[in-house]
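Data first, discussion second: the structure below is written as structure tokens.
In mature numbering (1 follows the signal peptide of the UniProt record, and there is no 0), the protein residues as written are -18 to -1, 1 to 385.
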């Protein structure tokens, strides 16, 4: 019984502002009517499922030609999406970044979500992984599951757009939702934002989420990094996560202590999976990492605005760092550390690692790498003012095949 109530507590926390999925398993919910949208019954029309081929599995999937879109759901009314499942027959890195998930709420024409397929479902770098956490799952690395509750007041539209030159011959999907009779005024709309910078600017934080205006909740991020070869095998994850909220400008209210620290790890970052934090890719050979954190037990609410960033910073022993500098590696010194609890800050002092006054052995520095990320958040309106999804050429640049 304790397990059942734990699951219910998680469901309540995730739904946050929705009026469904908060009742005990044994209690009837008279406010909701269940519907499934799939190729066998698009939009989940009453009594219209499995009609193809006289009910003998007539249309389990759709094809998606190059340059075209297909709707997974397009309905009017009041309700909440509880689960989305998809699988496709072409799961190459190029296809995973070519297909775009778009979501529109309440008959808006600008999408609240416009994110490459795998990235939306919690998998960065255009790579499939076998995992399960609180929001997403891919049990054997062949499917896409999302359990984020998504309320809508007057309509919901989800579609997949194929921006590439290849047809996708098999697209299977199932969108599970409920029509509801009442709207909770505290409900928030789900949004997601994807971004990539193939060569971050020295000394500038990578922006996980540009400033958004309104009231809402920051749900979390997944991020991926391809490290720059000029830095060799040095550690890339000294950067601290920052969340600017409710009027913060120069300095944030929320600040972490390092990249692996943000996801609950320590002293570098190996592969692991937990409910709220994890690292799906830890590939020393290809110098790639992909990680996530979802703020479910530790919610981040904002009232007027929110912005999220991470420093692009690395470290190694000072001798190694100076050797890389001699070979042309571009960096900005930020600090040195003795390893005995003493840090000396160098940023904006004009003092370099080779200065005679510097005796500490460990060096931290700003660096330039290839970062990409998806940020998930709720907002009190069905649209946002974020930039449009970046072009296909940026999304598919220098993709590396899975191991």
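Backbone N, C-alpha and C fix where the C-beta goes; we use that ideal spot for every residue, glycine too.
In three-state terms, what does DSSP make of residue 41? In this structure, DSSP gives residue 41 a state outside helix and strand, which the three-state scheme calls coil.
Quick test of your reading: residue 237 and residue 222, contact by CB under 8 Å. State the CB separation rounded to the nearest angstrom. By a beta-carbon distance limit of 8 Å, residue 237 contacts residue 222. Their separation comes to about 6 Å.
With H, G and I counted as helix, E and B as strand and the rest as coil, what does DSSP make of residue 1? Residue confidence is low: residue 1 scores 43 on pLDDT, short of 50, so the model does not pin down where it sits. Its coordinate-derived value is still stated next. Reduced to three states, the DSSP call for residue 1 is coil.
Report the rounded CA-to-CA distance for residue 242 versus residue 104, giving the unit in angstroms. Their Cα atoms are separated by approximately 17 Å.
Cross-strand partners of residue 195 (DSSP beta bridge): The partner list for residue 195 (beta bridge, DSSP) reads 287.
Assign residue 174 to buried or exposed, taking buried as 16 or more other Cβ atoms, counted over all protein chains shown, within 10 Å of its Cβ. With 16 or more other Cβ atoms within 10 Å, it is buried.
Which residue's Cα is closest to the Cα of residue 151: 53, 288, 339 and 72? Of the candidates 53, 288, 339 and 72, the one whose C-alpha sits nearest the C-alpha of residue 151 is 72.
So, is residue 94 buried or exposed, given that buried needs 16 or more other C-beta atoms within 10 angstroms? Buried is the label assigned to residue 94, since at least 16 other Cβ atoms lie within 10 Å of its Cβ.
Would residue 154 pass as a contact of residue 68 if the rule is Cβ separation under 8 Å? Contact: yes.
For the pair the segment 44 to 64 and the segment 317 to 336, tell me if three or more CB-CB distances fall below 8 Å. Output reads no: the segment 317 to 336 does not touch the segment 44 to 64.
Beta-carbon proximity of residue 191 to residue 359, cut-off 8 Å: Closer than 8 Å, so yes.
Along the chain, where does the alpha helix (DSSP H) containing residue 301 start, and where does it finish? Judged by DSSP secondary structure, residue 301 falls within the alpha helix (DSSP H) whose first and last residues are 300 to 308.
Give me the DSSP bridge partner(s) of residue 120. The partner list for residue 120 (beta bridge, DSSP) reads 113.
Let's see if you can read the secondary structure: which residues bound the alpha helix (DSSP H) around residue 91? Unbroken run through residue 91: none, as it is neither H nor E.
So, under 8 Å CB-CB, residue 172 and residue 130 are touching, yes? Tell me the CB distance rounded to an integer number of Å. Between residue 130 and residue 172 the Cβ distance is about 6 Å, and since that is below 8 Å, they are a contact.
What distance in whole Å lies between the Cβ atoms of residue 15 and residue 200, which are believed to be in contact at a cut-off of 8 Å? Actually they do not touch by this definition, with Cβ atoms about 31 Å apart.
Could you give the distance in angstroms between the alpha-carbon of residue 367 and the alpha-carbon of residue 305? The straight-line gap from Cα to Cα measures roughly 44 Å.
Contact check, residue 350 vs residue 183, beta carbons under 8 Å: Yes, the pair counts as a contact, with Cβ atoms nearer than the cut-off.
Would you verify that the beta carbon of residue 306 is, or is not, closer than 8 Å to some beta carbon of chain D? As a matter of chain content, chain D is missing from the structure shown, which is built from one protein chain.
What runs of the alpha helix (DSSP H), each 4 residues or longer, lie entirely inside the segment 169 to 249? Here the runs fully enclosed are 241 to 244.
Cutoff 6 Å; reference residue 65; Cβ partners in own chain excluding five residues on either side: Within the same chain, residue 65 has close Cβ partners 129 and 158.
Go ahead and label residue 275 buried or exposed: buried means 16 or more other beta carbons lie within 10 angstroms of its beta carbon, across all protein chains shown. Residue 275 counts as buried, since no fewer than 16 other beta carbons sit within 10 angstroms of its beta carbon.
DSSP has residue 329 in a bridge; who is on the other side? Residue 329 pairs with nothing; no bridge assigned.
For residue 77, the three-state DSSP class (helix, strand or coil): DSSP places residue 77 in helix when its eight states are reduced to three.
Could you have a look at residue 103 and say whether DSSP puts it in helix, strand or coil? Residue 103: coil per DSSP, three-state reduction.
First and last residue of the uninterrupted alpha helix (DSSP H) at residue 377: Run containing residue 377: 374 to 377, per the alpha helix (DSSP H) assignment.
Quick one: what does DSSP say residue 84 is sitting in, helix, strand or coil? It is a strand residue.
Whole angstroms are fine: how far does the CA of residue 90 sit from the CA of residue 135? If I take the Cα positions, the gap works out to 12 Å.
Look at the Cβ atom of residue 272, then the Cβ atom of residue 106, and state whether they are nearer than 8 Å. Using a Cβ distance threshold of 8 Å, residue 272 and residue 106 count as a contacting pair.
Among 228, 61 and 42, which has the Cα closest to the Cα of residue 193? Cα-wise, what sits closest to residue 193 is 228.
When burial is assigned at 16 or more other CB atoms within 10 Å of the CB, is residue 341 buried or exposed? Residue 341 is exposed by the Cβ-count criterion.
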